[in-house]
Every structure is written in C-alpha cells, then in structure tokens.
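Undergrad: Sequential numbering of the sequence shown, starting at 10, is according to the working numbering.
Sharing a structure here in structure tokens format.
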Amino acid sequence: MVVASMLDKLSPKDFIIIKGASMHNLKNLSVAIPRNQLVVVTGLSGSGKSSLILDTLFVEAQRMYIESLSAYARQFLGKVEKPPVDSIRGLAPAIAIQQHLVNKNPRSTIGTVTELCDYLNLLYARIGTTYSPISGQKVKKDSVSDVVDYIYQQEHGTKVLILYPMVIADKEKIMDKLRVEQRKGFTRIMQGNKLFDIETLLEGREQLDLDQPMYGLVDRIVVKKEEQDHPYKYRIADSVQVAFFEGMGTAVVDLVGLGRKTFSDRFELDGILFELPTVHFFSFNTPHGACKSCEGTGQIVHIDEKKVVPNPELSLVAGAIAPWNGPVMRKWFSPLLGGGTTPRFPIHTPYSSLTAAQKKILWQGSGDFAGIYAFFDFCSTQTDKIQYRVLLSRYRGKIQCPACRGTRVRSDAHYVKIHNHSIVDLLWMPIHQLIVFFDDIALTEREAHIAQRILSEIKNRLRYLAEVGLGYLTLSRPIVTLSGGEHQRIKLATALGSPLFGTIYILDEPTIGLHPRDTVQLVKILLDLKNQGNTVIVIEHEELVMRAADSLIEIGPEAGAKGGFLVFQGSFPALLQATGSHTAQYINGIATLPLPSHRRSWRNHLLIMQASLHNLKQVTVTIPLHVLTVVTGVSGSGKSTLIKEVLYPALEQHFASTLEKVQIPSGQKAEATLSGDLHAIKAVELVNQSPLGKSSRSNPATYLGIYDYIRDLFVQAPLARSRNYRAGHFSFNSDKGQCASCHGEGQQKIEMQFMADIYLPCESCRGSRFKPEILEVTYGGKHMAEVLHMTVEEASVFFADHGPIGHKLKLLQEVGLGYVPLGQSVSSLSGGEGQRLKLAYYLEKQLVDQPILFIFDEPTTGLHMHDVHTLLIAIHALVNQGHTVIVIEHNIDVMRHADWLIDLGPGGGEQGGQVVFTGRPEELIKIEGNHTAYFLKQKMQQ
10 MVVASMLDKL
20 SPKDFIIIKG
30 ASMHNLKNLS
40 VAIPRNQLVV
50 VTGLSGSGKS
60 SLILDTLFVE
70 AQRMYIESLS
80 AYARQFLGKV
90 EKPPVDSIRG
100 LAPAIAIQQH
110 LVNKNPRSTI
120 GTVTELCDYL
130 NLLYARIGTT
140 YSPISGQKVK
150 KDSVSDVVDY
160 IYQQEHGTKV
170 LILYPMVIAD
180 KEKIMDKLRV
190 EQRKGFTRIM
200 QGNKLFDIET
210 LLEGREQLDL
220 DQPMYGLVDR
230 IVVKKEEQDH
240 PYKYRIADSV
250 QVAFFEGMGT
260 AVVDLVGLGR
270 KTFSDRFELD
280 GILFELPTVH
290 FFSFNTPHGA
300 CKSCEGTGQI
310 VHIDEKKVVP
320 NPELSLVAGA
330 IAPWNGPVMR
340 KWFSPLLGGG
350 TTPRFPIHTP
360 YSSLTAAQKK
370 ILWQGSGDFA
380 GIYAFFDFCS
390 TQTDKIQYRV
400 LLSRYRGKIQ
410 CPACRGTRVR
420 SDAHYVKIHN
430 HSIVDLLWMP
440 IHQLIVFFDD
450 IALTEREAHI
460 AQRILSEIKN
470 RLRYLAEVGL
480 GYLTLSRPIV
490 TLSGGEHQRI
500 KLATALGSPL
510 FGTIYILDEP
520 TIGLHPRDTV
530 QLVKILLDLK
540 NQGNTVIVIE
550 HEELVMRAAD
560 SLIEIGPEAG
570 AKGGFLVFQG
580 SFPALLQATG
590 SHTAQYINGI
600 ATLPLPSHRR
610 SWRNHLLIMQ
620 ASLHNLKQVT
630 VTIPLHVLTV
640 VTGVSGSGKS
650 TLIKEVLYPA
660 LEQHFASTLE
670 KVQIPSGQKA
680 EATLSGDLHA
690 IKAVELVNQS
700 PLGKSSRSNP
710 ATYLGIYDYI
720 RDLFVQAPLA
730 RSRNYRAGHF
740 SFNSDKGQCA
750 SCHGEGQQKI
760 EMQFMADIYL
770 PCESCRGSRF
780 KPEILEVTYG
790 GKHMAEVLHM
800 TVEEASVFFA
810 DHGPIGHKLK
820 LLQEVGLGYV
830 PLGQSVSSLS
840 GGEGQRLKLA
850 YYLEKQLVDQ
860 PILFIFDEPT
870 TGLHMHDVHT
880 LLIAIHALVN
890 QGHTVIVIEH
900 NIDVMRHADW
910 LIDLGPGGGE
920 QGGQVVFTGR
930 PEELIKIEGN
940 HTAYFLKQKM
950 QQ
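So this is what it looks like as structure tokens:
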C-alpha cells in the first residue's frame, strides 16, 4: 500500500495520484492507482467505491475535458463544481461504463449502438445485389461502357447499328414526331430489318407500319478490334450515350444479320423500377429507409388479438370474443349462430383449435357475418360516443407491423442480398450465427477488395460481442429490453472494437447478470483491454475478477459513515494475508454464512407446461411453494423468460380471473399452461431492478412509513406547538413547509441547451428543502433536514427509544441498507438497493396469513460477499413467514442456500431454453459437464 506521504514522490506517468478525496463518505482519502494495469476496487456496499472512482476520478476527468473546450462552450459550464478533492494527477481521457441504462430511445438497437448497423448499411450499399421478387433474376443497370464492351466482343468487321426506341403516343401525329427527330439531326428510322429515310417518309414516298415498333438510328459502325484505344471507340461511346438519352433510358444494339440486344440504364426488371441501394436506403432511423407504415418502429397501434381473445381456450359460444360478451354487442355474433357463413362455422370449438382459414373468416367476415375487423371499423365511426371510444382503447395495442413484419426497414430493402441473405436476415440472426456467416461469405475479387475494410470492422465487433457473452442476442434487439449487465457488456464490446489506447476505462460491476462461466470469458476481455495500453479500473465484488487483477484496492472498513478509508492496496496474494479486510475474510473462509442445517421440504407446487416463449423449447417444470427456489443458468439460457415472462404474467392472470388452469399465449406454436396448487398462494410480487419511482421526493423514510412517525415527533416539539405547526409543515411535499424557491426539491435545474442539464443545490435553502422557520424546530437537538441526512444506522441510535421507528430501521439494517441516508431519493438507488428496500417493506408487513410468491431478479447486484449473507438472512426470514421466494441468480452463495435449484441451458440463445436440472444443490454437483455444477462444487467443497 502506498502511504499518503509517498504520493508526491510518484510519477504521474506511472500512477493516477488522488489526494484528499472527501466526496460523500470518503475520509480525506489519498491513493495512487497504477496506470496501464487492471485495477479492481472492492469493499462493502456503501463503503465509498463509487464515490472515489465515479464521483471523484471520472467527474474530474470529465471536468478537465470540458476545460479544454472553447470559451463559448465553457460559458454554459461556469457553475459546475469541482469534486471535493485536493488534487488528481496523472489523469487521462476516461470512459465510464456504468450499470444504469442511459439510452432509452426505443429506436436504439444493439446494431445501432455498436455501429454494426452503419457498417452493414455501407456493405449492402456497396456490394449488395438486387434481385427481382417476381423472377428472382438479378436487377442490373447497364452503363455506356457495358454497351461498348458488348460491341467489342463481336467479331472483327461486324456491322452494328446503334438505335433507340421511338415511342409515339398518338399514331395520328407520327409525322409531327418525324419532323421533331429530323430537327434533332436524325435522318433514318428503322422498322423490322429495313431502314427508312425520314425525308422520304415526310414526302409520302414510303409508308411505315404503325403497328410495328420503330427505332431511331443514331450511328452505323463496323467493329474494328485493332482500334479499341482509338478515338473511334469514343465515337461509339458518344453514340450509345445519345441512344440512352433519346430512348429515355433504353438503347438497342442491332448486329446486322445477327440479332438485336436491348440495354437499359434504368434500374428495372420485370416491369418494376427498383431504387439503387444507398447507405440511407437500409437505415430504419432515416425517413428514406424506414418502413412507411410503422415509420421504422416495427410496431403499429391496431386491434390486439390477445386483448380481443384473452382466453383462447374458450369457444365462441363460451365467450372467447371479449367485446361481444355484452347484450348490446352480441348481435355481431348472432349470424354465426344462425349459420351465416359458408361452410357453417364451428362455434363450439375453442379459439386456439381453429384453423388459420377459420380465424380469417372470424376476423374478416363471410356471408352475413361481418367479422371482428368490421365491428371495430363501425366503432371507429361512433367516436362521438364515449362508450365506443373506451371500447376502442380497451382492445387496441401495439402489434407487429404487417407491412415490414417488425423488421422496421422499407420493404424493397429485402430485395438486396449478399450471399443470398438480405440485411434484414442478418439483423434477426443471433450474433454467433452472424460470425459464421461472415467467416463463410463468398465474394468475387472485386467485391472482396471493396468490402475488405468494412468486413474487418464488422468481424471485430461481432467477435467482441461474442467474447463478452452476448452471442445469443440479435442486432435488432432494442437496447431498452437489455438488462443492466447486458448493456454494460454492449458498451464494453463497443469500446473494445475501437482501437483506443492510453485511456482510462472505468467499469461498474461488469459481471452483473453473468454466470461464472461467462465471468471467466469477461476477465480475458478486460485483460485484452489493458494489453491495448489502457488503464482498466473495475468496481467489483466477484472473486474471479479479483484474482485476475494486477492491483486491488479495498475501501471500508464498513459502509456509510464507518467507511471511506483505504483499507488495503496491493496484489491478490497480499490481500489474502491482510487483516481487517472483509474481502480477505470471506475469500479465506474465515467469515462465511454456514450452509442450512437442512433443506426445506415441500408439498405444494406450481406446474408450467409447454412453455415456448422466445428461446424456451417446450419447457415443462415444477416450481415448489413455500421454499427458496433459485433459477440459474448461463447468460441467455432463458431464466428471465421462464420466470418473468411466463410464470409472473400467468399468476397475474390467475389472480385476476381465479381460473384453476391458465393459458398463456406465447406468440409461437405452443402455449404455456400453468396449473398446480394455485390456491396455496394469495398474491405474486415481482421484485426486480426497475426503479421504485421516478419522483425525487420518495425516499426510504417515506417508502417504509418512517417519515410519518418522525413528523409526529416534531409536531410535539414545544416551538412547533407554540406556532401551531401541523404534520404538513414538516413535509417538503407541502406548501406549508417546502422551500419556495426549489419547491422542496433541494436543487435547481439549469438547462444546458446542447448538453445534459445540470442540477445545483438550491441557493435559498442550500439543499435542505425546507423554509428557514421550519428548521428552527428541533427534536433531540436536530432539525428535520439533519434527520433526513442521517444514515439508517445513525437514525437507529437516534430513535432508539421510539419503538415503531426503531423496528422499521432495524429491518433496513437487516437487508444491508444501514449506510443509506433516510432522505436519499429512491430514484438514485441502485437496482440491488431498490430490491432490498422492497424486501424490507414486505418483511415489515408480516403477512403470515397471506402467503405471497416473491420473484427476485438478481438481488445480489452491487453486493459484497458480506452483504450477500445479510441479504440471505432476510430472504430466509421471508420464507420462514410462509412465503415462497424464487430468485433468478448466478451468485454461488445464493445457490448454496437454495432449497431447490432449477438450472437452464445448456448454453445461451438458441443453445439454451431447456431445463437441464431440477433438485437440491447436493444433487447438482454430482453432474458432470454442467457449467453451474462445476463452480458450485468448488464453493461447496470449500
């Protein structure tokens, strides 16, 4: 470890030297981070890792970059505060790859963010071949040189006539047309195999057959092989150019006595005029390339079949068509009862069993039966009545655009192909298949020369995407549908695809969402990034990453106010010998949460049958109730699809309809069915990593109801009673108590026009949110703003004598949130912190008589090993109350504590989607060749 007194002796060429950092809970911390190394920064959650690396180091790097801008740009940044640090030396340009999803544009896809779409657009514009959808023939545009080359391919001495077709709309005006051609300088017309002199035709000495095609003669030449470079060749080219012009894009070459050939400089075939491919032609983010129906979104608002037919297992008589179940609208269904279609419609057959032809009749109508679409068309004409407007809104939804079938690209872009694949085929192809496609692509010598640089960029980016464990994704996948870990790895792969060096890369827990197998591959990527000549700083808790680090920095020793110190700096072997390090204690096995003495047994269960959504392959699996079940598997194996997109919607549907058996339309051939002991649970809660709310006014104190008790205490204060203050006076959401300048926000937004908005502390209340007179009221020597700035740990001591507040604060400590300030906005909490706050909320409820099925989506996100064990204790407490907990997780410690494991795989994407194991952890580690079993066995043997 480098002590503070030695920092001045270090060279900024070799170290990033930080002196006196005091952001948030940092205690005047000084540290030297070696450059051009892989550095892992670890420590308990809330110990100050992000404060040091992201809020101090990265912010200062950004500020230094801004200082390099012009005076005009800097004038908008005059109030930006420098992070609280004495000095930072040795900084380089920095790139931060953080957890949160910044890009929320629904048009952004993996292809656009990684720039692969740009390269594919360029590739298809340069070497793509257009094929006619009618004949399948190649569409070709003839040039002047093509015609000249054709002529010189003939035998020496061949007589050639260069012609252009004459189009005469009105045969009665043939003479007027001939006079025009004569004034242009043309003297002869050809019809059949005979040449006519225009002068003779005008004088009436010869007659044309008006029913036969006519051609104007531009030139008569003889092929001379020895004069290919002679000006004679230029004369031929000029004549061909004239023929194209006069023939409105068509020229005819007549080899005298041998036949004719027509050339066209229009890009057309089979009567279709095609558009020449350009870069924008393939881009769905431009008006030129986007589908005209959906404007490049891939979806349109239309009548949604799933809303019209919510339960496809019902027959029409049983009420499958939801909008026709009322007495007024049932008249639209009546013709089917009376046999109003030919053949007679099977009204007693379940909707899911109808053939495609029968469904077409149902929707489009037949005979006396108007059909569902006609019904909604009628509703559209009655929008002056509110009941019809409500009806339309209830059954409308976003569906796949029928024009482009969800591909977003204009329909004629499908006609352009390379190696028999259109650009749309590539956008919907998994990345690992794309790699094979470009490795096997066969190009001509000319195409290969043109595409060499483009293909190199494409292959590099695809390879990095696969190496960071994203080979199962497609380039058309919207960015907004990715998890935080997937988004981080997309940004990492993009950074790797750009040959930067001398840069500081900061990664905030890149192993989020990664199975240990994929983490091993990620480590190789981080080392590659370092070997390019960059400094790689990783905020991480994963042991596999720590072992690969050149240098380790631990911040602590505890979280919150007890953190912010430099606990350790050095190599991984040195860390194992360190004292006072939580990380070392857990890696060495000194501190650990012992395995449960027994696994919980179970009787009740849920049964998912034939689930085929996304990559799930007819999955049938049993979900035990009233135990802790962990669903695991490699990245992209189908865990989230099975639990969040099949089980969770099915349970919601069950509790909404009280059906004993629930059908879930999956959009594919099979449908998932949920059955089992549904009566054994009363509700379902999805505790995912989505923000608890967008409001900056919600905080842990308000979320758990602690704030109400605190306000009651302040109301009882002597000064508050003398001023007749009520609870509303101590709320920053009320006009009675909030600062008039910032309206209780505590900060003011400064719009930066061409840059991101800046938020600065309110100058009136200095961030306290309250009016000055409200802060004159104190409880225990502290005013309301000071109480809200307390951490949970500090508040638990301060309110130790108040039972209800102390109980709620204790729960927050039990889920590992003791370091979080009471007034911190929930919108600023990480995904893992938000999950633990929800967990504390339900632990406080004590709903023993209302068993709930909880679904946790990777709750260990952002947690140190010590915090994982704290979380597990809280989850076990939830199960002991009689609830069911299902956890989607890769963390080995969580797997060790599972009563039941469900492992999906064996791979990701198309190689996944199957249940490869269900059972207890002791049974899984006996399986050979299983990725999860390999890592779990190592941990359990320890």
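C-beta atoms are modelled at their ideal positions from N, C-alpha and C, and glycine is treated no differently.
Can you tell me which of Val169, Ile330, Asp155, Arg730 puts its alpha carbon nearest to the alpha carbon of Phe384?
TA: Measuring C-alpha to C-alpha distances from Phe384 to each of Val169, Ile330, Asp155, Arg730 identifies Ile330 as the nearest.
Undergrad: Hey, how far is the Cα of Tyr397 from the Cα of Ala379?
TA: 18 angstroms
Undergrad: Taking the continuous beta strand (DSSP E) assigned at Met338, which residues delimit it?
TA: Per DSSP, Met338 belongs to no beta strand (DSSP E) and is neither H nor E.
Undergrad: Taking only runs of the alpha helix (DSSP H) that begin and end inside the region 190 to 219, which ones reach a length of at least 4 residues, in chain order?
TA: 207 to 211
Undergrad: So Gln578 and Val40 are in contact, right, with Cβ under 8 angstroms, and what is the actual spacing, rounded?
TA: 7 angstroms
Undergrad: Out of curiosity, what's the CA-to-CA distance linking Asn34 and Glu795?
TA: 16 angstroms
Undergrad: For the beta strand (DSSP E) that contains Arg405, what are its first and last residues?
TA: 405 to 409
Undergrad: Output yes or no for whether 8 angstroms exceeds the beta carbon distance between His550 and Met73.
TA: A distance of 8 angstroms or more separates the beta carbons of His550 and Met73.
Undergrad: Which whole-angstrom value is the C-beta distance of Leu172 and Leu226, which I expect to be below 8 angstroms?
TA: Their Cβ separation, rounded to whole angstroms, is 6 angstroms, which keeps Leu172 and Leu226 in contact under 8 angstroms.
Undergrad: Give me the Cα-Cα distance between Leu616 and Pro915, rounded to the nearest whole angstrom.
TA: 21 angstroms
Undergrad: Measure the beta-carbon distance from Pro92 to Glu76 and round it to whole angstroms, keeping in mind my assumption that it falls under 8 angstroms.
TA: 14 angstroms between Cβ atoms; not a contact.
Undergrad: Looking at the unbroken beta strand (DSSP E) that takes in Thr869, where does it start and where does it end?
TA: That residue, Thr869, is in no beta strand (DSSP E); it is neither H nor E in DSSP.
Undergrad: For Ser560, which of Glu567, Val148, Val547, Ser837 has the nearest alpha-carbon?
TA: Val547
Undergrad: Can you list, in chain order, the residues of its chain whose CB lies under 7 angstroms from that of Gln391, leaving out five sequence neighbours each side?
TA: Tyr397
Undergrad: Exposed or buried, what is Gln677 when buried is set at 16 or more other beta-carbons lying within 10 Å of its beta-carbon?
TA: Confidence in Gln677 is poor, its pLDDT being 39 and thus under 50, which makes the residue's placement too unreliable to answer from.
Undergrad: Buried or exposed for Leu474, please, with buried defined as at least 16 other CB atoms from any protein chain shown within 10 angstroms of its CB.
TA: Buried.
Undergrad: Looking at the structure shown, is Lys691 part of a helix, part of a strand, or coil, going by DSSP?
TA: coil
Undergrad: Mind reading off the beta-carbon distance from Pro439 to Gly480? Whole number of angstroms is fine, and I expect it under 8 angstroms.
TA: About 7 angstroms; that satisfies the 8 angstroms criterion.
Undergrad: With three or more C-beta pairs closer than 8 angstroms as the rule, is the region 499 to 509 touching the region 455 to 474?
TA: The region 455 to 474 vs the region 499 to 509: in contact.
Undergrad: Going by C-alpha to C-alpha distance, which of Ser324, His591, Ser707 sits closest to Val877?
TA: His591
Undergrad: Name the residue from Thr512, Gly280, Gln497 whose alpha carbon lies nearest to the alpha carbon of Pro519.
TA: The candidate whose alpha carbon is nearest that of Pro519 is Gln497.
Undergrad: Can you give me the start and stop residues for the beta strand (DSSP E) that Pro43 sits inside?
TA: 38 to 43
Undergrad: Glu563 lies in the beta strand (DSSP E); which residues open and close that run?
TA: 560 to 565
Undergrad: Taking only the alpha-carbon atoms, compute the straight-line gap between Gly213 and Ala134 and give it to the nearest angstrom.
TA: Cα to Cα, Gly213 sits roughly 53 angstroms from Ala134.
Undergrad: If I follow the unbroken alpha helix (DSSP H) through Gln162, where does it start and stop?
TA: No alpha helix (DSSP H) holds Gln162; DSSP gives it neither H nor E.
Undergrad: Between the C-alpha atoms of Gly522 and Asp449, what's the straight-line distance to the nearest angstrom?
TA: 32 angstroms
Undergrad: Ends of the beta strand (DSSP E) at His614?
TA: 614 to 620
Undergrad: Compute the Euclidean distance between the alpha carbons of Ile884 and Ala620, then round it to the nearest angstrom.
TA: 28 angstroms
Undergrad: If you draw a straight line from the alpha carbon of Phe283 to that of Gln146, how long is it in whole angstroms?
TA: 13 angstroms
Undergrad: Between which residues of its own chain and Val532 is the CB-CB distance below 7 angstroms, once the five residues before and five after are set aside?
TA: Leu553, Val554, Ala557
Undergrad: Could you spell out where the alpha helix (DSSP H) holding Phe385 opens and where it closes?
TA: Counting along the chain, the alpha helix (DSSP H) containing Phe385 begins and ends at 381 to 389.
Undergrad: Is Phe779 helix, strand or coil when you go by DSSP?
TA: strand
Undergrad: In chain order, which continuous runs of the alpha helix (DSSP H) of length 4 or greater are located wholly inside the region 398 to 465?
TA: 432 to 436, 440 to 449
Undergrad: Check for me: the alpha helix (DSSP H) holding Gly815 runs from which residue to which?
TA: Here the alpha helix (DSSP H) through Gly815 covers 812 to 823.
Undergrad: Would you say the beta carbon of Cys410 is closer than 7 angstroms to some non-hydrogen atom of the ligand ATP?
TA: Looking for the ligand ATP in the displayed structure turns up nothing, as the structure carries no ligands at all.
Undergrad: Going by beta-carbon coordinates alone, are Leu61 and Leu78 separated by less than 8 angstroms?
TA: no
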